[in-house]
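Shown next, in C-alpha cells, is the structure this report addresses.
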Amino acid sequence: MNILESGTFIEELKALSQLLGGSFQSYDKSAVMKLDNEKGYGEVKAYEFLPGFQLKVYDIELTEELRFIKDDPSHQPLYLLYSLKGQVEHQFQSEEETNLIKPMHNVILSTSESDKSEVTIPSDTPIKLSVIFIDQKQLQRTQQGESIRLAIKRITDELDEKASFKYIGDFTPETSVFATQLLNLKRNDIIGRLMLEANVYNIIASQLDDHLRNQDNPDQNESPLSKDELYEIINLYDYIRENLELEHTIKELALESGLTAKKLQIGFGYLYGSSVNNFVQYLRLERAKTLLIEDELSISEIVYEIGFSSKSYLSKLFRERYQMSPSDYRSQYKRKKLIFELNYTSRANKTMDEKAINEIVEKSRENNAKFGITGCLVYYQDSFYQILEGERRDILQLYDNILKDERHNQVSLLWKGDKSVRLFKDWSLGYISPTGSFRNKLIDYDLDLDVNELLSYDLTSSKSTKVFWLQIRRMIKAAKKEDKK
Ligand SMILES: Cc1cc2nc3c(=O)[nH]c(=O)nc-3n(C[C@H](O)[C@H](O)[C@H](O)COP(=O)(O)O)c2cc1C
Numbered sequence: 016m017n018i019l020e021s022g023t024f025i026e027e028l029k030a031l032s033q034l035l036g037g038s039f040q041s042y043d044k045s046a047v048m049k050l051d052n053e054k055g056y057g058e059v060k061a062y063e064f065l066p067g068f069q070l071k072v073y074d075i076e077l078t079e080e081l082r083f084i085k086d087d088p089s090h091q092p093l094y095l096l097y098s099l100k101g102q103v104e105h106q107f108q109s110e111e112e113t114n115l116i117k118p119m120h121n122v123i124l125s126t127s128e129s130d131k132s133e134v135t136i137p138s139d140t141p142i143k144l145s146v147i148f149i150d151q152k153q154l155q156r157t158q159q160g161e162s163i164r165l166a167i168k169r170i171t172d173e174l175d176e177k178a179s180f181k182y183i184g185d186f187t188p189e190t191s192v193f194a195t196q197l198l199n200l201k202r203n204d205i206i207g208r209l210m211l212e213a214n215v216y217n218i219i220a221s222q223l224d225d226h227l228r229n230q231d232n233p234d235q236n237e238s239p240l241s242k243d244e245l246y247e248i249i250n251l252y253d254y255i256r257e258n259l260e261l262e263h264t265i266k267e268l269a270l271e272s273g274l275t276a277k278k279l280q281i282g283f284g285y286l287y288g289s290s291v292n293n294f295v296q297y298l299r300l301e302r303a304k305t306l307l308i309e310d311e312l313s314i315s316e317i318v319y320e321i322g323f324s325s326k327s328y329l330s331k332l333f334r335e336r337y338q339m340s341p342s343d344y345r346s347q348y349k350r351k352k353l354i355f356e357l358n359y360t361s362r363a364n365k366t367m368d369e370k371a372i373n374e375i376v377e378k379s380r381e382n383n384a385k386f387g388i389t390g391c392l393v394y395y396q397d398s399f400y401q402i403l404e405g406e407r408r409d410i411l412q413l414y415d416n417i418l419k420d421e422r423h424n425q426v427s428l429l430w431k432g433d434k435s436v437r438l439f440k441d442w443s444l445g446y447i448s449p450t451g452s453f454r455n456k457l458i459d460y461d462l463d464l465d466v467n468e469l470l471s472y473d474l475t476s477s478k479s480t481k482v483f484w485l486q487i488r489r490m491i492k493a494a495k496k497e498d499k500k
C-alpha cells in the first residue's frame, strides 16, 4: 500500500506524482499529475483558488491501494467530498468505524485538532472524485472568501474543537451534474478557469443545500425515482456524450438503461431540467460549438460527428439556440484573433555553448517567421524557458517537434491557452543568453539590456506570461546569489 502525508493540495499532488512516478506539471495556482504506468492510469488535478480554498479532482484507476493521512492543524477545515464513480473509504483515527464515500453521496468532514483522517483509494477501481477544502480561518484574511465562509457558517459554528465532525449524507444526484462538468472540462484557458470555478461553487452550494435540507427534515426524500434509476439516468448522460454520432431515440435509450420511456423523461426533467430529446440536442449543439472553435473539421464533418442529418438542420437549430449560423460563429471567433500561447521549461542534456544555442535560435527564427510564430527563449544554468505565441495548430505542431528534440529533456508544460494580445509582436524568437544580455535578431542590431530591467517589464497580458517572467527572474536572482558566493 502507498501512504501519503498531508500538505496543500498542490504539494500533495507533487508528492503523489513522485510516489507513483506520474508526470507533474504546475502552473501558478494549479497543478496536474498524469499517470500511465504499472501503478495506474488517469489524472489528478489540484487548484488553489484562495488561501484556504482548494480543490482536488481525481479521475484515476490505481493498481495498488493508496492511503492519505490528513493531519489538519487547529483550524478544523471542512472537506466536501463527492464521488461520481467508485467508492472511497474514510476513517477518523479516533473512531473504529469506517465511513464509506459512496458514489453520488454527499459527504462533509472536519477533523478535530487531536484527531487525524485517513482516506483510502482502493486498487483496481475507477475513481472519479472531487474534494473541496475550505478553511474558514484562512479565508477570514481575504475579502473574496467572505461568501464561502458565510455559506459554511452553519456547520462551522457547531464544530466542537474536541470532536471530529462527519456528515455522511444521502444520495444527491443533483451534485453529479456539476461534478460531471468539472471532470469533463478540457479547456485550459481563462474561460475554462471560469467554468471550473462556476462548477466548484455549484458543487459547494449543492452539497451544503443537501446538508441543510437534511438537518431541517431528515426523512424527506424528494426524488421521483429510486437511486438505482437515477444512476441509470446519469450513466446515460455519459453514454450519450460519448456517442453523439448515434441517433438516440427514446426507445433506444430506454433499452440501454432498462428504464421505461416515462421514467426517462421524469429522470431527465429532475436532473437536467429538460426533456430527453432537448437534452440530447443541447449536448450535440454544445459539441458543435467546441468543434467550430477548434477549427479542425469542416462544417460537414461536424454535422457527422454530432449525429445530425444535414448541414441545414444544424444551421436551423444552431440559429434557434445561439442566434447565428455555425459559420458566423466560427468566423466571429476567428475575427477575435485569439492568440494561442504555450509556455514550457526543460533541462538541456548537456551544458550548451554559444554555438549550440545559436544553432537552435537561428533555426527557430527561420522556422517561426514562416508560421507567424513569435516568442522568447531563455537559457540559463542548463534550463530552458520558452514562450511561444501563434495559431493554435502551428504551436501545437511545433511543441510536438520540440518534445522530440534530443538536445533537452524533462520538458514540462507550464501553460497553454488563448489570449488576446501578442507579447512578442515582432520577435520570431527573442533570446536571453546565459550572461543575461538580451538579443533580438529581427531588429538589425543586438540589444544589450539590463536583465533586471527587462524582467521588471510591466506585463499586462496573460497571467501565464507574468508567471513565466517571475520564474525567470527568480531563477536569475538565485543564480546571481550563487555567483556572489
Ligand atoms: C529548447 C529548444 C527550443 C526550440 N524552439 C524552437 C522554435 O521556437 N522553433 C523551431 O522551429 N524549432 C525550435 N526548436 C527546434 C525543434 O526542436 C526542431 O529541431 C526544429 O523545429 C526542426 O526544424 P526543421 O524541421 O526545419 O529541421 C527548439 C529546440 C529546443 C531544444
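Going by the working numbering, the sequence shown opens with residue 16, and the numbers climb by one from there.
We treat Cβ as the ideally placed atom computed from N, Cα and C, and that holds for glycine.
Cβ neighbour criterion (16 or more within 10 Å) applied to residue i
| i | result |
| --- | --- |
| residue 36 | exposed |
| residue 264 | exposed |
| residue 299 | buried |
| residue 345 | buried |
| residue 209 | exposed |
| residue 126 | buried |
| residue 383 | buried |
| residue 309 | exposed |
| residue 121 | buried |
| residue 327 | exposed |
| residue 341 | buried |
| residue 227 | exposed |
| residue 143 | buried |
CA-to-CA distance, residue j to residue i, given in whole angstroms
| i | j | result |
| --- | --- | --- |
| residue 318 | residue 303 | 8 Å |
| residue 131 | residue 108 | 5 Å |
| residue 289 | residue 401 | 47 Å |
| residue 65 | residue 386 | 39 Å |
| residue 136 | residue 52 | 17 Å |
| residue 222 | residue 198 | 17 Å |
| residue 398 | residue 361 | 6 Å |
| residue 369 | residue 415 | 25 Å |
| residue 229 | residue 183 | 11 Å |
| residue 364 | residue 99 | 43 Å |
Three-state secondary structure assigned by DSSP to residue i
| i | result |
| --- | --- |
| residue 305 | helix |
| residue 243 | helix |
| residue 401 | strand |
| residue 120 | strand |
| residue 363 | strand |
| residue 146 | strand |
| residue 185 | strand |
| residue 355 | strand |
| residue 436 | coil |
| residue 224 | helix |
| residue 238 | coil |
| residue 273 | coil |
| residue 389 | strand |
| residue 180 | strand |
| residue 268 | helix |
| residue 207 | helix |
Which residues DSSP lists as bridging residue i, in chain order
| i | result |
| --- | --- |
| residue 48 | 39, 59 |
| residue 90 | Residue 90 is not bridged to any residue. |
| residue 423 | 363 |
| residue 74 | 58, 143 |
| residue 114 | 105 |
| residue 69 | 63, 148 |
Original post:
Contact between the segment 75–87 and the segment 172–189: three or more CB pairs below 8 Å?
Top reply: Taking 8 Å as the limit for Cβ pairs, the verdict is that the segment 172–189 does not touch the segment 75–87.
Original post:
Okay, do the segment 329–343 and the segment 385–402 touch, 3+ Cβ pairs below 8 Å being the bar?
Top reply: No, because fewer than three Cβ pairs between the segment 329–343 and the segment 385–402 fall closer than 8 Å, the two stretches do not touch.
**OP:** Decide yes or no for the touch test of the segment 75–82 against the segment 243–250: beta carbon pairs closer than 8 Å, at least 3 of them.
**Re:** No: the two stretches stay apart, fewer than three of their Cβ pairs being nearer than 8 Å.
**OP:** Mind the definition here: the segment 205–217 touches the segment 87–103 only if three or more C-beta pairs lie below 8 Å; say whether that holds.
**Re:** Contact check between the segment 205–217 and the segment 87–103: fewer than three CB pairs, one atom from each, fall below 8 Å, which does not count as touching.
Original post:
Taking one C-beta from the segment 103–119 and one from the segment 161–175 each time, how about it: are there three or more such pairs within less than 8 Å?
Top reply: Contact fails: fewer than three Cβ-Cβ distances are below 8 Å.
Original post:
If you pair each beta-carbon of the segment 357–364 with each one of the segment 324–334, do three or more pairs fall below 8 Å?
Top reply: With contact defined as three or more Cβ pairs closer than 8 Å, the segment 357–364 and the segment 324–334 are not in contact.
Original post:
Is the segment 45–61 touching the segment 25–34, taking contact as three or more C-beta pairs under 8 Å?
Top reply: At 8 Å Cβ cutoff, the stretches touch.
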